[in-house]
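Numbering (numbering that gives the first Met the number 0), first residue to last: 0 to 162. Shown next, in structure tokens, is the structure this report addresses.
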Amino acid sequence: MDSYLILLRHAETQIGFRDHDRKLTKKGKSEGKKVAELLVNKYQNLRAISSTSKRTMQTSKFITDLLPGLKIDYLKELYLASSREMLDIIYEYSTYNKNIVCIGHNPGIHHLSLSLIKKSQIPQDLEIIKNKFPTSAMAVIKISENNWKNIYSNNNKLIEFIT
């Protein structure tokens with residue numbers, strides 16, 4: 000059975016508030032619900048981790064509304080984490096989990112997605128990921144050989160990039 004890492008950037012937010020406390024806009028709420036539906040309809044056996052910011056917690060709630068039994072750990076370490084910090088946290092969670100959803104922020108989530116795959120092997124229809132990782136975007140990465148140790152290589156495969 001395949002193992003997937005699903006990287007999800009929080010939905011669109013308001014401006015003008017303290018960064019950690021920014022909330023989703025009306026558009027962000029709509030987009031967040033849509034991406035949550037796509038996620039839960041396609042992937043099972045999920046474990047989720049999320050930053051503690053208001054916007055990532057709101058985004059993650061759309062997923063738990065559809066999957067009430069889903070366990071989400073809210074980690075302050077994910078708030079504005081670098082790609083390497085995120086990678087180490089994800090690896091810690093991989094021991095007992097088949098598929099992991101990480102809800103976070105740019106630039107870390109974008110840099111992480113690019114570090115896990117070979118840019119030369121990105122399918123042409125998904126090449127937008129090379130340039131941006133917009134709000135509510137979701138990257139689905141198949142872990143090489145279904146072995147989470149391979150998360151530290153760039154031999155994993157980008158399966159989907161939904162914007």
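Every residue, glycine too, gets a C-beta built ideally from N, C-alpha and C.
Simplified DSSP state of residue i, which is helix, strand or coil
{"i": "R83", "result": "helix"}
{"i": "R8", "result": "strand"}
{"i": "G15", "result": "coil"}
{"i": "S52", "result": "coil"}
{"i": "Y151", "result": "helix"}
Environment of residue i [buried if 16+ CB atoms lie within 10 Å]
{"i": "G68", "result": "exposed"}
{"i": "S163", "result": "In the structure displayed, the chain extends from 0 to 162; residue 163 sits before or after that span and is not available."}
{"i": "Y95", "result": "exposed"}
{"i": "G31", "result": "buried"}
{"i": "N98", "result": "buried"}
{"i": "F16", "result": "exposed"}
{"i": "N145", "result": "exposed"}
{"i": "E126", "result": "exposed"}
{"i": "I14", "result": "exposed"}
{"i": "R54", "result": "buried"}
{"i": "S52", "result": "buried"}
{"i": "S2", "result": "buried"}
CA-to-CA distance, residue j to residue i, given in whole angstroms
{"i": "V34", "j": "R8", "result": "10 Å"}
{"i": "Y90", "j": "I150", "result": "7 Å"}
{"i": "S93", "j": "I128", "result": "24 Å"}
{"i": "S114", "j": "D124", "result": "19 Å"}
{"i": "K131", "j": "M0", "result": "30 Å"}
{"i": "T58", "j": "W147", "result": "25 Å"}
{"i": "D194", "j": "K141", "result": "In the structure displayed, the chain extends from 0 to 162; residue 194 sits before or after that span and is not available."}
{"i": "L86", "j": "Q120", "result": "21 Å"}
{"i": "S50", "j": "T12", "result": "15 Å"}
{"i": "N40", "j": "N153", "result": "27 Å"}
{"i": "I116", "j": "K156", "result": "6 Å"}
Start-to-end residues for the beta strand (DSSP E) that takes in residue i
{"i": "F160", "result": "156-161"}
Delimiting residues of the alpha helix (DSSP H) encompassing residue i
{"i": "K33", "result": "25-41"}
Residue ranges of each beta strand (DSSP E) within the region 63-141, 3 or longer: 71-74, 98-103, 137-141
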